[in-house]
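Asks: Here's a structure for you.
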Amino acid sequence: MARSKSENLMARSRKRIPGGVNSPVRSWSAVGKSPRFIKRGHAAYLFDVDGKKYLDYVGSWGPLIFGHANSEIAKAIKKALEKGTTFGAPTEGEAELAEMVHTMVPSIDKLRLVSSGTEATMSAIRLSRAYTKRDKVLKFDGCYHGHVDSMLVQSGSGMATFSLPDSPGIPNAYTQETLVASFNDIDNLEAVFREYTDVIAAVIIEPICGNMGVIPPAPEFLHALREITKDHGTVLIFDEVITGFRVSAKGAQGLYGVTPDLTCLGKILGGGLPLGAFGGRQDIMDLLAPEGPVYQAGTLSGNPLAVAAGITALKLLSRREPYLELDEKGSQLQCGMEDTLSKHHFRATVNRVGSMFTVFFGVDGVRNAEEARCCDRECFARFFHGMLDRGVYLPPSPFEAAFVSLAHQRRDLKKTLEAFENWAKEESRG
Ligand SMILES: *Cc1c(COP(=O)(O)O)cnc(C)c1O
Numbered sequence: 087m088a089r090s091k092s093e094n095l096m097a098r099s100r101k102r103i104p105g106g107v108n109s110p111v112r113s114w115s116a117v118g119k120s121p122r123f124i125k126r127g128h129a130a131y132l133f134d135v136d137g138k139k140y141l142d143y144v145g146s147w148g149p150l151i152f153g154h155a156n157s158e159i160a161k162a163i164k165k166a167l168e169k170g171t172t173f174g175a176p177t178e179g180e181a182e183l184a185e186m187v188h189t190m191v192p193s194i195d196k197l198r199l200v201s202s203g204t205e206a207t208m209s210a211i212r213l214s215r216a217y218t219k220r221d222k223v224l225k226f227d228g229c230y231h232g233h234v235d236s237m238l239v240q241s242g243s244g245m246a247t248f249s250l251p252d253s254p255g256i257p258n259a260y261t262q263e264t265l266v267a268s269f270n271d272i273d274n275l276e277a278v279f280r281e282y283t284d285v286i287a288a289v290i291i292e293p294i295c296g297n298m299g300v301i302p303p304a305p306e307f308l309h310a311l312r313e314i315t316k317d318h319g320t321v322l323i324f325d326e327v328i329t330g331f332r333v334s335a336k337g338a339q340g341l342y343g344v345t346p347d348l349t350c351l352g353k354i355l356g357g358g359l360p361l362g363a364f365g366g367r368q369d370i371m372d373l374l375a376p377e378g379p380v381y382q383a384g385t386l387s388g389n390p391l392a393v394a395a396g397i398t399a400l401k402l403l404s405r406r407e408p409y410l411e412l413d414e415k416g417s418q419l420q421c422g423m424e425d426t427l428s429k430h431h432f433r434a435t436v437n438r439v440g441s442m443f444t445v446f447f448g449v450d451g452v453r454n455a456e457e458a459r460c461c462d463r464e465c466f467a468r469f470f471h472g473m474l475d476r477g478v479y480l481p482p483s484p485f486e487a488a489f490v491s492l493a494h495q496r497r498d499l500k501k502t503l504e505a506f507e508n509w510a511k512e513e514s515r516g
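Plus 86 on top of the position in the sequence shown (first one is 1) and you've got our numbering.
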């Protein structure tokens with residue numbers, strides 16, 4: 087059989103780019119076969135180089151809450167582009183975006199713009215250590231906080247798929263200061279704080295886990311976490327790189343009514359361009375240079391194109407009040423999938439918060455990373471390819487969140503559920 091253009095491009099890319107990709111999960115190593123090379127996107131749709139069209143539920147892994155090539159964001163980027171792409175000097179847009187973020191997420195008194203989620207978490211951790219004059223950081227099994235050295239311990243997503251609990255190239259000394267607890271487990275959390283009293287600088291958490299697939303928090307778990315960190319003088323960092331502007335205008339902290347000390351943002355914040363931020367309590371943020379002694383910097387931080395895209399994205403979100411709509415769309419998909427799963431006697435569960443969801447096969451419920459790891463990965467791979475063959479593009483790993491965007495129409499959701507019913511019928515026949 088003749089090779090597709092995607093397969094040819096993969097062969098070509100592999101020669102000069104490790105694995106042919108610039109981020110491992112794009113290689114489809116969890117589901118097999120060659121990844122599709124994308125030519126363009128429009129609204130809820132992706133078009134590959136072989137001329138195939140897919141309904142997209144990856145949304146570039148979270149940023150594309152308006153779908154692809156939103157015309158107002160594109161217009162804002164073009165307008166900024168004509169004035170120059172970077173100055174290495176402050177611009178009005180940065181102040182405007184910081185004010186908008188503060189208005190939407192009031193726990194963020196002050197913030198710094200960076201260029202990726204990884205930079206945001208890395209900087210928030212450094213700042214927390216400086217603020218508390220302590221070294222240890224507690225994270226949760228299955229939560230991913232970017233590829234920060236000290237955080238690449240039991241970190242979900244690609245790491246979980248490749249079952250590398252830790253990456254080579256990271257000195258043991260770096261991860262010795264990292265403690266790992268179990269998500270949604272208050273007893274475990276209390277035990278860690280009993281053992282490590284007065285030495286934990288920060289707890290960092292995805293308040294809704296999105297990197298072991300979607301795992302919602304038990305609300306009492308987040309409240310307990312807030313209490314215990316406050317009692318111990320530990321900085322609570324919410325990594326809302328996915329959930330910020332995704333599950334509510336205030337992110338997960340708004341949804342569950344739990345206020346962290348610091349928040350990390352990315353993905354939606356940049357409107358599809360590289361932009362991240364970390365921010366929170368003024369007394370902590372004012373430790374940053376030049377106000378304070380903690381060094382943090384970036385040549386392209388607050389890049390005018392990314393800032394223009396971000397301002398436009400947040401304006402569009404504030405204008406539309408989109409979260410009810412996103413929740414309804416997510417709910418329609420979840421209910422339809424659950425109907426199909428029970429009709430065809432699958433053992434499976436659909437986890438969802440608003441517009442982010444994951445189907446876990448071979449398990450009855452998933453509340454933490456350990457339970458997520460019990461899912462049937464082979465069945466997931468068949469599901470992924472079955473849906474792809476039917477024109478639906480899902481995350482190519484069982485441990486990732488799928489995203490519904492505002493560009494997904496009712497008929498798109500209906501088409502997705504028909505494809506799912508069709509696949510499930512075939513799968514259940516064996
Ligand atoms: C994507 C992600 C990051 C890392 O962001 P990058 O922009 O990929 O560096 C950090 N935390 C969470 C929760 C993420 O989902």
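Note that CB positions come from ideal geometry on N, CA and C, so glycine has one too.
Short of 7 Å in beta carbon distance, which residues of its chain neighbour His517, apart from the five on each side in sequence? Order them along the chain.
Replies: Beyond the ends of the chain as shown, which are 87 and 516, falls residue 517; an answer cannot be given.
Asks: With DSSP collapsed to three states, give me the class of Ser236.
Replies: Helix at Ser236.
Asks: Among the candidates Pro176, Glu424, Val393 and Pro192, whose CA atom is the shortest distance from the CA of Asp366?
Replies: One detail in the question is off: residue 366 reads as Gly in this sequence, not Asp. Ranking Pro176, Glu424, Val393 and Pro192 by Cα distance to Gly366 puts Pro192 first.
Asks: What's the gap between the Cα of Leu480 and the Cα of Asp142?
Replies: Their Cα atoms are separated by approximately 7 Å.
Asks: Which same chain residues end up closer than 6 Å to Thr264 when comparing Cβ atoms and leaving out the 5 residues on each side of it in sequence?
Replies: Same-chain partners within the cutoff: Val223, Ser236 and Val239.
Asks: Hey, Asn279 and Ile286: beta-carbon distance below 8 Å or not?
Replies: According to the sequence displayed, residue 279 carries Phe and not Asn. Contact: yes.
Asks: Under 7 Å from any heavy atom of ligand 1, does the C-beta of Asp34 make it?
Replies: What is shown of the chain runs 87 to 516, which leaves residue 34 out entirely.
Asks: Between the C-alpha atoms of Leu499 and Lys415, what's the straight-line distance to the nearest angstrom?
Replies: For Leu499 and Lys415, the distance between alpha carbons rounds to 8 Å.
Asks: May I ask you to list the residues that DSSP assigns as paired with Cys350?
Replies: BP columns for Cys350 point to Asp325 and Phe364.
Asks: Using only CA atoms, which one of Phe443, Arg438 and Arg463 lies nearest to Val71?
Replies: Because residue 71 is not part of the residues shown, which for the chain are 87 to 516, the question remains open.
Asks: For Gly106, which residues from the same chain have a beta carbon less than 7 Å from its beta carbon, with the 5 sequence-adjacent residues on both sides left out?
Replies: Met96, Ser99, Arg100 and Ser113.
Asks: Taking 8 Å as the threshold, find out whether the stretch 353–373 comes into contact with the stretch 134–152 through three or more Cβ pairs.
Replies: Output reads yes: the stretch 134–152 touches the stretch 353–373.
Asks: So what's Arg89 in DSSP terms, helix, strand or just coil?
Replies: Three-state DSSP puts Arg89 in coil, outside helix and strand.
Asks: Which residue marks the beginning of the alpha helix (DSSP H) containing Tyr409, and which one marks its end?
Replies: Its alpha helix (DSSP H) spans residues Tyr409 to Lys429.
Asks: Provide the residue(s) that pair with Thr264 in DSSP beta bridges, ordered along the chain.
Replies: Paired residues: Val223.
Asks: Which residue marks the beginning of the beta strand (DSSP E) containing Tyr140, and which one marks its end?
Replies: Looking at the DSSP string, the run of the beta strand (DSSP E) that includes Tyr140 is Lys139 to Asp142.
Asks: Using alpha carbons as the reference points, say which of Arg497, Leu391 and Met442 lies closest to Lys169.
Replies: Taking only the C-alpha atoms, the option nearest Lys169 is Leu391.
Asks: With a threshold of 7 Å on Cβ separation, who are the neighbours of Val380 within its own chain once the five nearest residues in sequence on each side are excluded?
Replies: Same-chain partners within the cutoff: Arg212, Leu213, Ala216, Leu373 and Leu374.
Asks: Would the stretch 436–443 and the stretch 321–333 be scored as touching if the rule is three or more Cβ pairs under 8 Å?
Replies: With the cut-off at 8 Å, the stretch 436–443 and the stretch 321–333 touch.
Asks: Which stretch, first to last residue, makes up the beta strand (DSSP E) that contains Lys196?
Replies: Its beta strand (DSSP E) spans residues Lys196 to Val200.
Asks: Counting only the same chain and skipping the five closest in sequence on each side, list residues whose C-beta sits under 8 Å from that of Ala510.
Replies: The answer, listed in chain order, is Thr426, Leu427, Lys429, His430 and Phe432.
Asks: Is the stretch 391–402 touching the stretch 158–169, taking contact as three or more C-beta pairs under 8 Å?
Replies: Taking 8 Å as the limit for Cβ pairs, the verdict is that the stretch 158–169 does touch the stretch 391–402.
Asks: Under three-state DSSP, which class holds Tyr381?
Replies: In this structure, Tyr381 counts as coil in the three-state DSSP scheme.
Asks: Say yes only if the C-beta of Ile290 is nearer than 7 Å to one or more non-hydrogen atoms of ligand 1, and no if none qualify.
Replies: Incorrect: Ile290 has no Cβ contact closer than 7 Å to ligand 1.
Asks: I need the DSSP call for Lys336, collapsed to helix, strand or coil.
Replies: In the structure shown, Lys336 sits in coil (DSSP, three-state: anything other than H, G, I, E or B).
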